[in-house]
Structures are given as C-alpha cells and as structure tokens.
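Peer 1: Next up is a structure, given as structure tokens.
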Amino acid sequence: MFNSPRTMAMVFTTGNYCQKLARTTSVRCLSNSSSDPTNVWKLSLEDEARYWKGYLTTRPKYSDDFFNLIYDYHRAHSGSFAVAHDVGAGPGQVSAKLAQRFAHIVVSDNNSNHVDYARHMLEQTRYSQQQQKPRFSFAVTKGEELGGRYPSASADLVACALMFPLMDTEAALRSFGHILKPGGTLAIWFYGRAHFAESGPTTARRQSLLDCIIDHHFGAVIQGQGPAHRAGWKRAADGMASWLDYIPFAAQDWTAVERRKWNSTWTNMGFFSPRACDFPVQPVSRVGATETLHEIEDRQLWRKNWTVAELKAFVEYIFPFCHLDREPVQPLWERLQAEMGGVHAKQAFSWPAVLILASRR
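For the record, in the sequence shown the residue sitting at position 230 is 230 according to UniProt numbering, with numbers rising by one throughout.
Okay, here's the thing in structure tokens:
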C-alpha cells in the first residue's frame, strides 16, 4: 500500500521514532570537550577556518535594529562608549558590530584558536584600520575569569552572545559585575535553531522532521560521557529551555533589568530538544518582580530563505560535531525535501531569540 508524504512524515516524527533515533548512532562522539567539559566549542587549527566560514554563512546576521536596542539602553544609563567586552567572541562578528560605536573592544574566548581567527578577521575591518591606536585587544580566558584579569570598573559594556548557558551562572555574573563601571551595561543574548517561519498546515510536520534530524546529531554529543560532561550539558539545556529566565539579577548589584523574547509562542528555544538528552530538562524562572518583560512576535526576524541543501548546511554547522552520522537520517531528509516542495524550492526561516539588558549599580 502506498504511503502519502504526509503519512510518512507522521511516521518518521512520532515521539517514539525520534526518541529512538536520538539515542541511536553508529558513532558515539568523544566530544571535542572530553578533556575539558566546560569547553564544548573547541576546534582544531585545521577545522577553524572551514567551520567558522560555514557558521557565519548559515547563522543569523544581526540587524542594526537589534544592536540599537542595546545602544539605546546603554545611552540611557551611561554616557560612555569607551570600552566594550565581547565575551566568548568566537569568529568576532559581534566585536565588529560593537566597533561601530565603542572606541575599544576587548575580544575574549577560552579557545586560543578562536581568538587567533577573530584577530585575523577583525584586522581586515575598516574599524581596525581607520585609526593608528588599536581598536581591538585580545585575551584567551573564560568569561568567569575576566574579573581576575581586568581592573574593577574598567568596562562600559559587556556583551555575551550565545555563551551564557554554557557558563557558571554566579561566577560569570560576579566577573562581569566586577569589570563593569557603575551604570555600565550587561547584554546577554541567545537564539535557538531555525524554525520554518510561514504558518500553515505543513509547518509542524516540516519542523518535526528538522528537529528529529538535529536531535539525532546532538544525541551523539550529549549522551553517555560521564558526570561532568552530563552536568555541563544539563545546565545548558535547562538554561536554554528557560529562555534565560534562570539568570538572577540581585537588586543590590543590578538595576533596570529588561528581558525581550522573540517568537516564544510558536518556537522552542535551544539548538536541540529534550529528546537529545539522557537527563530531564527542567526550565527555571528567577525573573524579578521589578524587571521589565517584552514579548515580540516577528516571523521576519533575521529571515533566511533556504533550499533543503542550504538547510543541510545549517545543520552541519550548528555545532562542531566530531562526526555527522548521516545514514540514519537520510530518509528524514528525503521526506523533508518533499515537504519543502522539492530540491530547488525555498522556504522561509526565522528564529527564537532572547535579549537581557541590565545596568550595573
């Protein structure tokens, strides 16, 4: 009996099927972070350029409107645009944006290869070349350790993009609070996996297929690698599922806290779902009573129009996987290609996102 595309999609994306697939791989990755469970984004020197090129091609391009939210908030609480820190800078794209407004950017990451790549990229920008005085300085350090490396009250802004769920919450807040001037701004943001943006009868099936594929690949990274590794990924998974609401801002240290969430009613935050985990995912909220909350629905946010091949590239570069076990998910890709309208058809994608702004007392 012939099965329709809709029937096959429903079979492939049932909870039991995807749960089994997330726990089944021919290769169980010994993660790049196996020697250091706090460093999950480690790349070899040979992989650095290839990975970041794919990453920057497939990830959202931050809009000026997004950064203006940060700059307008900062201007309302501090008049100084002298020094900004880009924490967990990766390839340095956030540093390049910050250099449009701040006189000097401290570019830090806990991977020396990342810092070297960011240095190379940023030295090519006009913001680095337009003044004799260096616009950028570089440091190999964890965000939690910045407070021990830089003077108290030496920074106007600390930007932490995508990295906070991987960090020790209290240690990071202490570190950032130490280096920020009174009135300085802490900007923390995160976004999750791409979501099909157009609402319609096929959207849920398409997204379920995509999520099932991604969970299979992340399952190979997350599961079965010891207590420290498990604890680190649980902290990240809980934090992402919380839409960063787990981050507490003590009233004696921070003021004017604002939390903005985009597309929370129709997307799920995080790069993987709880299916990829061998532990329970438990969202937590520590939102204070005086904090300001904004909910925004914007299906055009950082929009991408992708074919199935371009969507595959996004999945390939969503994380520096040590190996992509492609064979078990090939039927899902074939089904998703049909659901998307064929090999050349393009579909619109948008993103769940959260931005937290807080002013140092």
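Glycine is no exception: its CB is placed at the ideal position from the N, C-alpha and C atoms.
Nothing here was measured: the structure is a model prediction, and the numbers come from that model.
1. Nearest-angstrom Cα distance between Asn32 and Arg275?
2. Let me know if Thr57 comes out buried or exposed under the rule of 16 or more other beta-carbons within 10 Å of its beta-carbon.
3. Per DSSP, what kind of secondary structure is residue 376 in: helix, strand or coil?
4. What does the alpha-carbon distance come out to for the pair Ser175 and Ser154?
5. Residues in its own chain within less than 7 Å of Lys346 by CB, not counting five upstream and five downstream?
6. Just confirm the distance between the C-beta atoms of Lys312 and Phe279, as a whole number of angstroms; I'd bet it's less than 8 Å.
7. Could you say which of Leu357, Ala197 and Ala353 lies nearest to Ser63 if we only look at CA atoms?
8. Trp41 to Leu355, Cα distance in whole Å?
9. Along the chain, which unbroken stretches of the alpha helix (DSSP H) at least 4 residues long are found entirely within the stretch 252 to 318?
10. Please report the distance separating the alpha-carbon of Lys142 from that of Asp116.
11. Would you kindly report the start and end of the unbroken alpha helix (DSSP H) that includes Arg93?
12. May I ask you to verify whether the stretch 176 to 190 touches the stretch 314 to 329, counting CB pairs closer than 8 Å and requiring at least 3?
13. Once DSSP output is grouped into helix, strand and coil, what is the label at Pro182?
14. Just to confirm before moving on: does the CB-CB distance between Ile105 and Ala118 stay below 8 Å?
15. Do you know offhand how far Glu144's Cα is from Ser199's?
16. Report the three-state DSSP secondary structure of Val40 (helix, strand or coil).
17. Report yes if the CB atom of Asn263 is closer than 8 Å to the CB atom of Leu301, and no otherwise.
18. Span of the beta strand (DSSP E) holding Ala358?
19. For Leu157, report the span of its beta strand (DSSP E) as first-last.
20. Would you call the CB atoms of Leu162 and Ser108 closer than 8 Å?
21. Once DSSP output is grouped into helix, strand and coil, what is the label at His217?
22. What's the C-alpha gap between Ala194 and Val343?
23. Kindly identify the DSSP beta-bridge partner or partners of Phe67.
24. Just to confirm before moving on: does the CB-CB distance between Ser273 and Asp211 stay below 8 Å?
25. Can you find the residues in the same chain that come closer than 6 Å, C-beta to C-beta, to Gly90, ignoring five residues on each side of it along the sequence?
26. Can you tell which of Ala338, Met240 and Cys277 has its C-alpha closest to the C-alpha of Gln19?
27. Taking the alpha-carbon positions, what's the Leu332 to Leu21 distance?
28. Assuming Tyr51 and Leu43 are in contact, meaning their beta carbons sit under 8 Å apart, how far apart are those beta carbons, in whole angstroms?
29. Express the C-alpha separation of Glu327 and Ala171 in angstroms, rounding to a whole number.
30. Taking C-beta to C-beta, are Gly219 and Gly270 nearer than 8 Å?
31. Buried or exposed: Arg205, going by 16 or more other Cβ atoms within 10 Å of its Cβ?
32. So what does DSSP say about Ser31, is it helix, strand or coil?
Peer 2: The relevant details are as follows:
1. Because Asn32 sits at a pLDDT of 46, beneath the cut-off of 50, its placement in the model cannot be relied upon, and the following sentence gives the value as read from the coordinates. Just so you know, the alpha carbons of Asn32 and Arg275 end up roughly 21 Å apart.
2. Burial call: exposed.
3. It is not possible to answer for residue 376, since the shown part of the chain is limited to 1 through 361.
4. Between Ser175 and Ser154, the C-alpha separation is close to 12 Å.
5. Result list for Lys346: Asn305, Trp306 and Thr307, in chain order.
6. About 28 Å separates the two Cβ atoms, so there is no contact after all.
7. For Ser63, the nearest C-alpha among the options comes from Ala353.
8. Whole-angstrom Cα-Cα distance: 22 Å.
9. Qualifying alpha helix (DSSP H) stretches, in chain order: 308 to 316.
10. Spanning the two alpha carbons is a distance of roughly 15 Å.
11. The amino acid at residue 93 is misidentified as Arg; the sequence shows Gln. Note, Gln93: alpha helix (DSSP H), Gln93 to Leu98.
12. Flag = no, the stretch 176 to 190 and the stretch 314 to 329 do not touch.
13. Correct three-state label for Pro182: strand.
14. In this structure, Ile105 lies away from Ala118, with their beta-carbon atoms at least 8 Å apart.
15. One C-alpha to the other measures close to 41 Å.
16. Three-state DSSP puts Val40 in coil, outside helix and strand.
17. In contact: Asn263 and Leu301 (Cβ atoms closer than 8 Å).
18. Here the beta strand (DSSP E) through Ala358 covers Ala353 to Arg360.
19. Segment Ala155 to Ala161, the beta strand (DSSP E) holding Leu157.
20. No, they are not a contact pair.
21. The answer is helix: DSSP assigns His217 an H, G or I state.
22. Their backbone Cα atoms lie some 19 Å apart in a straight line.
23. BP columns for Phe67 are empty, so no partner.
24. The beta carbons of Ser273 and Asp211 sit closer together than 8 Å.
25. Shown here for Gly90: same chain residues with a beta carbon closer than 6 Å to its own, the five before and five after excluded, namely His114 in chain order.
26. Among Ala338, Met240 and Cys277, the Cα nearest to that of Gln19 is on Cys277.
27. In a straight line, the C-alpha of Leu332 is about 11 Å away from that of Leu21.
28. By a beta-carbon distance limit of 8 Å, Tyr51 contacts Leu43. Their separation comes to about 6 Å.
29. When rounded, the separation of the alpha-carbon atoms in Ala171 and Glu327 is 41 Å.
30. Result no, Cβ atoms of Gly219 and Gly270 do not sit closer than 8 Å.
31. Label assigned to Arg205: buried.
32. Bear in mind that a pLDDT of 44 at Ser31, under 50, signals an unreliable position, so the number given afterwards is only what the model happens to contain. Note: Ser31 maps to coil in three-state DSSP.
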